[in-house]
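**Student:**
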Amino acid sequence: MAFLNHRPVWALVAAAPLMTVISTASYAQTWKINLRDADLTAFINEVADITGKNFAVDPRVRGNVTVISNKPLNKNEVYDLFLGVLNVNGVVAVPSGNTIRLIPDSNIRNSSVQYDPRNNARGDQIVTRVIWLENTNPNDLIPALRPLMPQFAHMAAIQGTNALIVSDRASNIYQIETIIRNLDGTGQNDIEAITLQSSQAEEIITLLDSMAATGASKDFAGSRVRIIADKRTNRIILKGDPTSRKRLRHMVEMLDVPSADLLGGLKVFKLKYANAKNLSEILQGLVTGQAVNSSTNNNNGTSNTSMSSLTNSSSSGSSISNTSSGSSTTGSSINLNSNSSNNNQNNISSFNANGVSIIADSTQNALIVKAEPQLMREIDTAIQQLDLRRQQVLIEAAIIEIEGSDTDQLGVQWAMGDLSTGVGLINFSNVGSSLANLAAGYLTGGAAGIGAAMAGNSNQGAGTSLILGDYKEGANGSRKLYGAMIQALKQKTKSNLLSTPSIVTMDNEEAYIVVGENVPFVTGSVSTTGGTANPYTSIERKDVGITLKVTPQIGEGGSVRLAVEQEVSDVKNNRGQAADLVTSKRAIKTTVLADHGQTVVLGGLISDDTTVGRQSVPFLGAIPGLGRLFRSDNNNNQKRNLLIFIHPTIVDDNNDMRRLTQQRYDQVYGLQLAMDKDGNFAKLPAQVEDIYQQRLPFTSNSQAQPKIVQPAPAPQNYQQVPSGGKNQAVTTPVAEDQSQIQQQKIN
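And the structure:
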C-alpha cells in the first residue's frame, strides 16, 4: 500500500494492494480516492494528512476498507466520506478538544459526546442535541422513535420539561427531528379560558384524566392540547389547536353541571373538630359581609356572639329574627335562635338571609346549609379549611414564695397600790401580755381570769414572763401590792411555698383552674326584724387558694401568646383588729409571648419590711441605763420573695398527648413508691391506661400478693362522696365483694 504525495497536475497509481489516490489542482485542491481492501489504519493516516486533523485511534479499531470515488473531492468532502466509511465499519468519531477519538460505536455511551446546540454538526458526526416539544408529551414519542435509531444511540425525556435529549449521528438526528416536528406541529397554539359555573376545576380535570386513561397527566389523549386547572378563579385553561380546543370545550360544558347533592340546594356538614354554633356565626359573616365575633364561654360549646357592626344605627340592609312573632325589618340585629321548643332552643340555632339558610345542631355537631350552588361551594371550601384539628397547649405555672420574719421584744410593766382603793399601772401593749388586761382578769376571776385574759389573744403569754412583787392584806381590809412583770420574746419564722398548677387547653380557648377552699365571709347580720327577735347572719363564699386563668394562642414558629390571670390567696391566722377573717392576696394579670418549652417569669414581689416600736414613760424611759425599766421595745423584720413562672408546651397530636400523660402519671407513680415504704398503699399500675381496666388492689404488707377486685355486674350499689368546698359530688361504683377490701393506712 502506498500513498502518493499530493502535487498539482500529476497522478500516481500504486498496486499491492490496489489503491488509487489522485490529486489534481485547479483553483482548489481536490482528491479522487479509490481503495480496495486497504488497511483501515493506513486510510486514517491519509485522511489525517489531507484534513490536517488529529486522530486518537482506539486499539480495537482495525480492518480493511474499500472506497470508490468517481469525482474529485475537496477537503470537507473527503472528511465526510471518511465519516461514512467509519460508520459502515462500526466506528464513530468523537471530537474531544483538538483531537478526534475513533472508537467502536458500542462504546459510545461511555464517552463524552459533543453538545451541538446550534445544529452545526453534519454528516455522520456523533453529537448530542436537545429537541423541545410544544404540544406533545415526550414520553409518548420515545416508543415510536427508538426503533428508528441505531443501537448505540441514546434518547430520553427530560423530567420537568417538555423536551427530548438525543445522542446519535448528526444526519440521523436531523431525520428524527423532522419526524418530531411533523408529530408535534399543531398549527395555532392559542390559549383559551373556560369559567366553570357549577363544578370545581380540579374535579373536571380528574374526570378528563380518567376518560383519557393517562393517570395524573393533564394531556388529553388523542388531542394536541394542554389542560391546566386555575384554582383561584375556578377556570380551566386550554392551550392547543382550535379543533382540539373546541372538542374539549364541548366536553367541559357537558361536565359542568351541578352535582346531585347540590341540585336541591341543601347539604348537611358533619363537623369533625369545629363547634357547630361557632362555625355558623362565622358563616353568617361570610354570607352577610358583616363582622361577626364568635367566642366560646365554656367547654360545652355555648357561644356568645358580639356583632358590633350589626348594631350600628348607620348600617343598612335587612335583619332577620326567627322568632314566633315573624320577621322584622327594624334595626339591624340578627337573632340566631329559632322558634323551636324550649328544650331544643339551646341546641339548635338558625340563620336565614340573602337566600341562605344555616342551621347549627349542637347535639350532632352538624351544620345544615341551604344555598345556591355557587355560594354552596364557597361555604363548603370555608368549612373544610376551618374544620381542622386544633393544637393544644399544656400550661404549667410555678408560684414560689419564700417568707421569713425575725422579732425581738423586751418590756417591763409596773403595778403598785391597794386593790381596795386603787392600783397604779405602768402598762405597755406592744410586748406580750398587757398588765392591765391581766389585772382586770384577776379581779373578775382570780387565777382563772388571768388565764382567760391570756387566751383572748394568741400573742398573750408568748415568750418568757417574769413577775416580781409582794402582796399583803391588812387587818383593816386593805390589799396592798407592788410588783413588776418582765417579758422577753425572740421569734423567727420561715416559710417556703411552691405551687405548680397546670392545665391543658386547646388553642385560643380559655382555661380555668382553682385549687383551694371556698371560705364563708360574713357580709351582714340582723338581730331583730319588725320588733321581733329573729337574728340571722348573711355570708358570702369566696374562693381562697390558687387560681389560674389562661388563654393560649399559638403563633408561627412554635411561639405561644399567653393571656394570664394568676391569683394566690390564703387566710391569715392572726386577724388583728379585723371583725372577720383576713386573707392575703397576690394576683397578676398580663400577656406574654413565649416559645414552645420555654419558661418565662411573669412577675413577682420582693419586700423587706422593718418595724421598730417603743412605748415608754416620759422622762423616765429616757434615763440612760435606768430607763430600760420604764419602757417596752418591739423590733420586727419581715422579708418576702414571690415569683411566678409559666411554661407552655405545645401538644401537636395524639402521640404527644399520650407521652405527656404517661410522664405525669410516672411522677405520681414514683411518688407513691417513695412514700409507701411499708406496702400499705393500693398499688397503682405502671401504665396509665391500665387504671381503667381493673380495680386497684389493696395489700397489708409489701410481701402480700396484690388481689384484683373486679366491679360487680349491674345493678350496682353506689356510694356518694360528700362534696367539699366547690367540688361537685362524685359517685364511685362499690363492688359487692366488700370483704376483700382492706382500709388503707398511711404511716
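Per mature numbering (1 follows the signal peptide of the UniProt record, and there is no 0): the sequence shown = residues -28 to -1, 1 to 719. C-beta atoms are modelled at their ideal positions from N, C-alpha and C, and glycine is treated no differently.
With a CB to CB cut of under 8 Å and the five nearest residues on each side skipped, what residues in its chain are close to ILE663?
**Tutor:** Here residue 663 corresponds to residue number 691 of the sequence shown, with the count starting at 1. LEU656 and PRO657, listed in sequence order.
**Student:** Give the straight-line distance between the Cα atoms of ARG34 and ASP11, rounded to the nearest whole angstrom.
**Tutor:** Here residue 34 is taken as the residue at index 62 of the sequence shown, counted from 1. Here residue 11 is taken as the residue at index 39 of the sequence shown, counted from 1. Using only the alpha carbons, I get a separation of about 8 Å.
**Student:** Find the nearest neighbour of MET223 within the set GLN256, ASP202 and ILE177, judged by alpha-carbon distance.
**Tutor:** Position 251 of the sequence shown holds residue 223. It is ILE177 whose Cα lies nearest to the Cα of MET223.
**Student:** Leaving out the 5 sequence neighbours to the left and right, which residues in its chain are closer than 7 Å to ILE22 when beta-carbon positions are compared?
**Tutor:** Mapped onto the sequence shown, residue 22 falls at position 50. Around ILE22: TRP3, LYS47 and VAL50.
**Student:** Contact defined as beta carbons within less than 8 Å: I believe VAL403 pairs with LEU461. What is the distance between those atoms, to the nearest angstrom?
**Tutor:** Indexing the sequence shown from 1 puts residue 403 at position 431. Indexing the sequence shown from 1 puts residue 461 at position 489. Right, the Cβ-Cβ distance comes to about 7 Å (below 8 Å), so this counts as a contact.
**Student:** Taking 8 Å as the threshold (C-beta atoms), are ASN26 and ASN61 in contact?
**Tutor:** Translated into positions along the sequence shown, residue 61 becomes position 89. Translated into positions along the sequence shown, residue 26 becomes position 54. Result no, Cβ atoms of ASN61 and ASN26 do not sit closer than 8 Å.
**Student:** Find the nearest neighbour of ASP567 within the set SER499, SER531, ASP542 and GLU164, judged by alpha-carbon distance.
**Tutor:** Locating residue 567 in the sequence shown gives position 595, counting from the first residue. Taking only the C-alpha atoms, the option nearest ASP567 is SER531.
**Student:** Specify, as a first and last residue, the run of the alpha helix (DSSP H) that ARG533 falls within.
**Tutor:** One-based indexing of the sequence shown puts residue 533 at position 561. It is not in any alpha helix (DSSP H) - ARG533 instead sits in the beta strand (DSSP E) that spans 531 to 543.
**Student:** Tell me whether GLU512 is buried or exposed, calling it buried when 16 or more other Cβ atoms sit within 10 Å of its Cβ.
**Tutor:** The residue you call residue 512 lines up with position 540 of the sequence shown. That one is exposed.
**Student:** What residue range does the alpha helix (DSSP H) around TYR641 cover?
**Tutor:** Here residue 641 refers to the residue found at position 669 of the sequence shown. From DSSP, the alpha helix (DSSP H) with TYR641 extends over 626 to 647.
**Student:** Report the three-state DSSP secondary structure of THR523 (helix, strand or coil).
**Tutor:** Stepping through the sequence shown from its first residue, residue 523 is reached at position 551. In this structure, THR523 counts as strand in the three-state DSSP scheme.
**Student:** Are the beta-carbon atoms belonging to VAL584 and ASP542 less than 8 Å from one another?
**Tutor:** The residue you call residue 584 lines up with position 612 of the sequence shown. The residue you call residue 542 lines up with position 570 of the sequence shown. No.
**Student:** Are the beta-carbon atoms belonging to GLY212 and ARG198 less than 8 Å from one another?
**Tutor:** Residue mapping note: residue 212 aligns to position 240 of the sequence shown, counting from 1. Residue mapping note: residue 198 aligns to position 226 of the sequence shown, counting from 1. Yes, Cβ-Cβ distance for GLY212 and ARG198 is below 8 Å.
**Student:** Give the single residue among ASN6, GLU537, GLU18 and PRO115 whose Cα lies nearest to the Cα of LYS43.
**Tutor:** Mapped onto the sequence shown, residue 43 falls at position 71. Of ASN6, GLU537, GLU18 and PRO115, the residue nearest in Cα terms is ASN6.
**Student:** With the cut-off set at 8 Å, would you say ALA369 and SER474 are in Cβ contact?
**Tutor:** Counting from one through the sequence shown, the residue named residue 369 turns up at place 397. Counting from one through the sequence shown, the residue named residue 474 turns up at place 502. Their beta carbons are under 8 Å apart, which means ALA369 touches SER474 by this criterion.
**Student:** Which value, in whole angstroms, describes the spacing of the CA atoms of SER171 and GLU344?
**Tutor:** Along the sequence shown, one-based indexing puts residue 171 at 199. Along the sequence shown, one-based indexing puts residue 344 at 372. Going from the Cα of SER171 to the Cα of GLU344 covers about 13 Å.
**Student:** Under 8 Å, with one C-beta from each stretch per pair, do the segment 448 to 456 and the segment 355 to 365 reach the 3-pair mark?
**Tutor:** No: the two stretches stay apart, fewer than three of their Cβ pairs being nearer than 8 Å.
**Student:** State the CB to CB distance for the pair PHE105 and ILE148, rounded to an integer number of angstroms; the pair is presumed to be in contact (CB under 8 Å).
**Tutor:** On the sequence shown, residue 105 is found 133 positions in, with the first residue counted as 1. On the sequence shown, residue 148 is found 176 positions in, with the first residue counted as 1. It is worth fixing the name first, because residue 105 is Leu in this sequence and not Phe. Incorrect: roughly 13 Å between the Cβ atoms, too far for contact.
**Student:** Apart from the five residues on each side of it in sequence, which residues of its chain come closer than 8 Å, Cβ to Cβ, to ILE151?
**Tutor:** The residue you call residue 151 lines up with position 179 of the sequence shown. For ILE151, where only same-chain residues beyond five positions count, the Cβ hits under 8 Å are LEU117 and LEU120.
**Student:** Report the three-state DSSP secondary structure of ASN61 (helix, strand or coil).
**Tutor:** Residue mapping note: residue 61 aligns to position 89 of the sequence shown, counting from 1. Three-state result, ASN61: coil.
**Student:** Run the CB neighbour count on MET647, radius 10 Å, all protein chains shown included, and call it buried at 16 or more, exposed below.
**Tutor:** As a first step, residue 647 is located in the sequence shown; it is residue number 675 there, counting from the start. So MET647 counts as exposed.
**Student:** When DSSP labels each residue in this structure, what does LYS25 get in the three-state scheme?
**Tutor:** Numbered from its first residue, the sequence shown carries residue 25 at position 53. It is coil, neither helix nor strand.
**Student:** If contacts are defined as beta-carbon pairs under 8 Å, then LEU179 and LEU227 qualify, I think. What distance do you get, rounded to the angstrom?
**Tutor:** As a working mapping, residue 179 is identified with position 207 in the sequence shown. As a working mapping, residue 227 is identified with position 255 in the sequence shown. Indeed, because the Cβ distance is near 6 Å, the residues count as touching under 8 Å.
**Student:** Can you give, in chain order, each stretch of the alpha helix (DSSP H) that sits fully within the segment 213 to 258 and has at least 4 residues?
**Tutor:** Within the segment 213 to 258, the complete alpha helix (DSSP H) runs of at least 4 residues are 214 to 227.
**Student:** Determine the burial state of LEU136: buried for a count of at least 16 other Cβ atoms within 10 Å of its Cβ, exposed for fewer.
**Tutor:** Position 164 of the sequence shown, counted from the first residue, corresponds to residue 136. Result: buried.
**Student:** Tell me whether THR283 is buried or exposed, calling it buried when 16 or more other Cβ atoms sit within 10 Å of its Cβ.
**Tutor:** The count along the sequence shown starts at 1 and reaches residue 283 at position 311. The predicted model places THR283 with a pLDDT of 32, which falls under 50 and marks its position as unreliable; any figure quoted below should be read in that light. The residue is exposed, with fewer than 16 neighbouring Cβ atoms inside 10 Å.
**Student:** Are VAL589 and ILE398 touching if we call contact CB-CB under 8 Å?
**Tutor:** Looking up residue 589 in the sequence shown gives position 617. Looking up residue 398 in the sequence shown gives position 426. Yes, Cβ-Cβ distance for VAL589 and ILE398 is below 8 Å.
**Student:** Using three-state DSSP, classify MET388 as helix, strand or coil.
**Tutor:** For the purposes of this step, residue 388 is taken as residue 416 along the sequence shown, with counting starting at 1. If DSSP states are grouped into helix, strand and coil, MET388 belongs with the strands.
**Student:** Please list the terminal residues of the continuous beta strand (DSSP E) segment that includes MET478.
**Tutor:** Position 506 of the sequence shown, counting from 1, holds the residue named residue 478. 474 to 478 is the extent of the beta strand (DSSP E) around MET478.
**Student:** Using a 10 Å radius around the Cβ and a threshold of 16 neighbouring Cβ atoms, would you call ALA128 buried or exposed?
**Tutor:** What you label residue 128 is simply residue 156 of the sequence shown in a count that begins at 1. That one is exposed.
**Student:** Which residues share a DSSP beta bridge with GLU489?
**Tutor:** As a working mapping, residue 489 is identified with position 517 in the sequence shown. Beta-bridge pairing links GLU489 to VAL516.
**Student:** I need the boundaries of the alpha helix (DSSP H) containing THR353, first residue and last residue.
**Tutor:** Reading the sequence shown from its first residue, position 381 is the one you call residue 353. Element bounds for THR353: 345 to 358.
**Student:** Take ASP625 as the anchor and find which of ALA142, MET478, VAL229 and MET388 has the nearest alpha-carbon.
**Tutor:** Translated into positions along the sequence shown, residue 625 becomes position 653. That would be MET478, whose Cα lies nearest to the Cα of ASP625.
**Student:** For PRO31, count neighbouring Cβ atoms within 10 angstroms of its own Cβ and tell me buried if that reaches 16, exposed if not.
**Tutor:** For the purposes of this step, residue 31 is taken as the residue at position 59 of the sequence shown. Exposed, since its Cβ has fewer than 16 Cβ neighbours within 10 Å.
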